[in-house]
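Visitor:
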Amino acid sequence: MASAKPFCLLGFFCLLLQLFSFFHIGNGELEMNYYRESCPKAEEIIRQQVETLYYKHGNTAVSWLRNLFHDCVVKSCDASLLLETARGVESEQKSTRSFGMRNFKYVKIIKDAVEKECPSTVSCADIVALSARDGIVMLKGPKIEMIKTGRRDSRGSYLGDVETLIPNHNDSLSSVLSTFDSIGIDVEATVALLGAHSVGRVHCVNLVHRLYPTIDPTLDPSYALYLKKRCPTPTPDPNAVLYSRNDRETPMVVDNMYYKNIMAHKGLLVIDDELATDPRTAPFVAKMAADNGYFHEQFSRGVRLLSETNPLTGDQGEIRKDCRYVN
Numbered sequence: 009m010a011s012a013k014p015f016c017l018l019g020f021f022c023l024l025l026q027l028f029s030f031f032h033i034g035n036g037e038l039e040m041n042y043y044r045e046s047c048p049k050a051e052e053i054i055r056q057q058v059e060t061l062y063y064k065h066g067n068t069a070v071s072w073l074r075n076l077f078h079d080c081v082v083k084s085c086d087a088s089l090l091l092e093t094a095r096g097v098e099s100e101q102k103s104t105r106s107f108g109m110r111n112f113k114y115v116k117i118i119k120d121a122v123e124k125e126c127p128s129t130v131s132c133a134d135i136v137a138l139s140a141r142d143g144i145v146m147l148k149g150p151k152i153e154m155i156k157t158g159r160r161d162s163r164g165s166y167l168g169d170v171e172t173l174i175p176n177h178n179d180s181l182s183s184v185l186s187t188f189d190s191i192g193i194d195v196e197a198t199v200a201l202l203g204a205h206s207v208g209r210v211h212c213v214n215l216v217h218r219l220y221p222t223i224d225p226t227l228d229p230s231y232a233l234y235l236k237k238r239c240p241t242p243t244p245d246p247n248a249v250l251y252s253r254n255d256r257e258t259p260m261v262v263d264n265m266y267y268k269n270i271m272a273h274k275g276l277l278v279i280d281d282e283l284a285t286d287p288r289t290a291p292f293v294a295k296m297a298a299d300n301g302y303f304h305e306q307f308s309r310g311v312r313l314l315s316e317t318n319p320l321t322g323d324q325g326e327i328r329k330d331c332r333y334v335n
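By my numbering, the letter at position 317 of the sequence shown is numbered 325, and the numbering carries on one by one without gaps.
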């Protein structure tokens with residue numbers, strides 16, 4: 009009888025461990041190096057694929073960065089963006105907010121390489137986050153060390169929510185700040201994330217209203233003339249891929265040139281002008297224009313915050329075998 013009480017305590021303790029394990033799995037959190045045991049080479053494989061694709065198709069690095077934003081702002085960082093229209097799913101890529109996005113086909117190359125090493129282990133959502141991190145490095149941006157993993161993939165898309173949740177090219181600054189605030193990103197980090205426009209471009213269909221019938225007076229006059237050469241008609245054909253880059257000096261580098269340009273009234277969009285003049289954001293713009301290191305620091309923080317937006321973890325969602333389709 010003397011040994012019965014310790015035995016019961018031990019059994020009770022084991023039961024608690026089992027219950028804790030169950031709830032931990034169901035309510036997991038992101039963590040650093042999540043695949044250290046299940047797929048220790050995962051992050052290195054993704055990095056190698058991002059580098060290889062960059063040297064073959066340089067603009068893929070920009071796509072990985074844009075994918076992160078479009079995926080995480082819509083509900084969750086859950087790779088819903090990557091789903092194609094099939095099996096009852098309507099792709100978010102059909103939205104007008106996805107206009108100009110490309111290179112989705114190359115995500116499959118990254119996923120296939122990871123699947124070959126560790127089948128059904130690494131989520132497409134983590135590939136979105138890690139490829140963005142590694143793409144930023146290829147664009148000579150900051151090396152972001154603290155990207156956590158452990159996301160799972162959604163079993164559906166949110167096409168009906170995209171138009172509401174993804175800011176339009178010409179939304180007001182207040183609207184954009186509100187969107188970022190709703191997912192826990194403060195004004196300083198928002199200003200830094202908009203610096204991703206340093207490697208972006210705007211299609212003429214989204215900027216001709218600043219040029220025709222009259223030039224927006226907030227635009228630098230010489231810059232406006234340059235834009236009219238890039239966009240020579242007020243009714244551009246969207247299929248003609250007429251565009252202008254946000255940054256002509258270092259168009260494939262994540263740097264602070266974007267802020268220098270908008271302070272000189274050489275931004276492509278209305279929000280660029282507002283960002284440089286609104287008292288809520290102008291001090292951050294001026295500081296980032298003057299200090300590339302500060303911009304990189306805040307950009308890194310913004311990317312980390314963005315990448316952790318409402319992820320599916322634990323037993324939520326699934327690990328897709330093909331990022332384009334639910335299992």
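Quick reminder that beta carbons are idealized off the backbone N, C-alpha and C, glycines included.
Here the structure is a predicted model, which means the values were calculated and not measured.
State whether the stretch 181–188 contacts the stretch 102–119, with contact taken as three or more CB pairs (one from each stretch) at a distance under 8 Å.
Guide: Too few Cβ pairs lie closer than 8 Å, so no.
Visitor: Would Arg44 be called buried (16 or more neighbouring beta carbons within 10 Å of its own) or exposed?
Guide: For the purposes of this step, residue 44 is taken as the residue at position 36 of the sequence shown. When all chains shown are included, Arg44 counts as exposed.
Visitor: Quick check on the DSSP output: the alpha helix (DSSP H) that includes Val210 runs from which residue to which?
Guide: The residue given as residue 210 occupies position 202 in the sequence shown. Counting along the chain, Val210 falls outside any alpha helix (DSSP H), though it belongs to the beta strand (DSSP E) covering 209–211.
Visitor: Look up Glu326 in the DSSP assignment and give the residues it is bridged to.
Guide: Stepping through the sequence shown from its first residue, residue 326 is reached at position 318. DSSP, once it has assigned bridges, lists Asp161 as partnering Glu326.
Visitor: Give the DSSP bridge partners of Val97, in chain order.
Guide: Position 89 of the sequence shown, counted from the first residue, corresponds to residue 97. Looking at the DSSP assignment, Val97 forms a beta bridge with Ala94.
Visitor: With DSSP collapsed to three states, give me the class of Glu125.
Guide: Looking up residue 125 in the sequence shown gives position 117. In the structure shown, Glu125 sits in a helix (DSSP, three-state: H, G or I).
Visitor: Keeping to the same chain, check which residues put their C-beta closer than 6 Å to that of Arg141; ignore five residues upstream and five downstream.
Guide: Walking along the sequence shown from the start, residue 141 turns up at place 133. Excluding residues within five positions, the ones whose Cβ falls inside 6 Å are Ile152, Ile155.
Visitor: Please report the residue range of the alpha helix (DSSP H) in which Arg253 lies.
Guide: As a working mapping, residue 253 is identified with position 245 in the sequence shown. Premise fails: Arg253 lies in the beta strand (DSSP E), 251–253, not in any alpha helix (DSSP H).
Visitor: Are Thr321 and Gly158 closer than 9 Å when you measure CB to CB?
Guide: Residue mapping note: residue 321 aligns to position 313 of the sequence shown, counting from 1. Residue mapping note: residue 158 aligns to position 150 of the sequence shown, counting from 1. Cβ atoms of Thr321 and Gly158: closer than 9 Å.
Visitor: What's the C-alpha gap between His217 and Pro246?
Guide: To locate residue 217, count along the sequence shown from 1; it is residue 209. To locate residue 246, count along the sequence shown from 1; it is residue 238. The straight-line gap from Cα to Cα measures roughly 14 Å.
Visitor: State the CB to CB distance for the pair Phe307 and Pro127, rounded to an integer number of angstroms; the pair is presumed to be in contact (CB under 8 Å).
Guide: For the purposes of this step, residue 307 is identified with residue 299 of the sequence shown, where counting begins at 1. For the purposes of this step, residue 127 is identified with residue 119 of the sequence shown, where counting begins at 1. The pair is not a contact, with the Cβ atoms about 35 Å apart (cut-off 8 Å).
Visitor: Within this structure, are the beta carbons of Ala87 and Ile54 separated by less than 9 Å?
Guide: Working through the sequence shown from its first residue, we reach residue 87 at position 79. Working through the sequence shown from its first residue, we reach residue 54 at position 46. For Ala87 and Ile54, no; Cβs fall outside 9 Å.
Visitor: Given this structure, state the Cα-to-Cα distance separating Pro287 from Arg332, to the nearest angstrom.
Guide: Here residue 287 is taken as the residue at index 279 of the sequence shown, counted from 1. Here residue 332 is taken as the residue at index 324 of the sequence shown, counted from 1. Rounded to the nearest angstrom, the two C-alpha atoms are 43 Å apart.
Visitor: Mind reading off the beta-carbon distance from Ser71 to Ser165? Whole number of angstroms is fine, and I expect it under 8 Å.
Guide: Working through the sequence shown from its first residue, we reach residue 71 at position 63. Working through the sequence shown from its first residue, we reach residue 165 at position 157. Incorrect: roughly 18 Å between the Cβ atoms, too far for contact.
Visitor: In whole angstroms, what is the alpha-carbon distance linking Leu250 and Cys132?
Guide: Position 242 of the sequence shown, counted from the first residue, corresponds to residue 250. Position 124 of the sequence shown, counted from the first residue, corresponds to residue 132. Each residue's alpha carbon lies about 32 Å from the other.
Visitor: What residues match up with Leu320 in a beta bridge as DSSP calls it?
Guide: Position 312 of the sequence shown, counting from 1, holds the residue named residue 320. Leu320 pairs with Arg160.
Visitor: Between the alpha carbons of Arg328 and Val278, how many angstroms are there, rounded?
Guide: For the purposes of this step, residue 328 is identified with residue 320 of the sequence shown, where counting begins at 1. For the purposes of this step, residue 278 is identified with residue 270 of the sequence shown, where counting begins at 1. Going by the C-alpha atoms only, they are around 39 Å apart.
Visitor: Spell out the partners DSSP gives Glu39 in its beta bridges.
Guide: If you number the sequence shown from 1, residue 39 lands on position 31. Bridge partners of Glu39: Thr157.
Visitor: Apart from the five residues just before and just after Arg309, which ones in its own chain have a Cβ nearer than 6 Å to its Cβ?
Guide: Your numbering for residue 309 matches position 301 in the sequence shown. For Arg309, where only same-chain residues beyond five positions count, the Cβ hits under 6 Å are Ala197.
Visitor: Would you mind stating whether Asn264 and Gly203 have Cβ atoms separated by less than 9 Å?
Guide: Position 256 of the sequence shown, counting from 1, holds the residue named residue 264. Position 195 of the sequence shown, counting from 1, holds the residue named residue 203. It is a contact, given that the beta carbons lie within the stated cut-off.
Visitor: Run the CB neighbour count on Glu123, radius 10 Å, all protein chains shown included, and call it buried at 16 or more, exposed below.
Guide: Locating residue 123 in the sequence shown gives position 115, where the first residue counts as 1. Answer is buried; the Cβ neighbour count reaches 16.
Visitor: Between the Cα of Gly301 and those of Val262, Asn335, Leu283, spot the shortest distance and give me the residue it belongs to.
Guide: To locate residue 301, count along the sequence shown from 1; it is residue 293. For the residues Val262, Asn335, Leu283, the minimum Cα distance to Gly301 belongs to Val262.
Visitor: Pull up the CB-CB distance for Ile144 and Gln57, whole angstroms please, since I reckon it's below 8 Å.
Guide: Taking the sequence shown and counting its residues from 1, one reaches residue 144 at position 136. Taking the sequence shown and counting its residues from 1, one reaches residue 57 at position 49. With 8 Å as the limit, Ile144 and Gln57 do not qualify as a contact, their Cβ atoms being about 15 Å apart.
Visitor: Assign Glu316 to one of two classes, buried (16 or more other C-beta atoms within 10 Å of its C-beta) or exposed (fewer than that).
Guide: The residue you call residue 316 lines up with position 308 of the sequence shown. Glu316 should be labelled buried.
Visitor: For Asp298, collect the residues of the same chain with a Cβ closer than 6 Å to its Cβ; drop the 5 residues on either side in sequence, then sort them by chain order.
Guide: Locating residue 298 in the sequence shown gives position 290, where the first residue counts as 1. Looking at the sequence shown, residue 298 is not Asp but Ala. Cβ neighbours of Ala298 beyond the five flanking positions: none.
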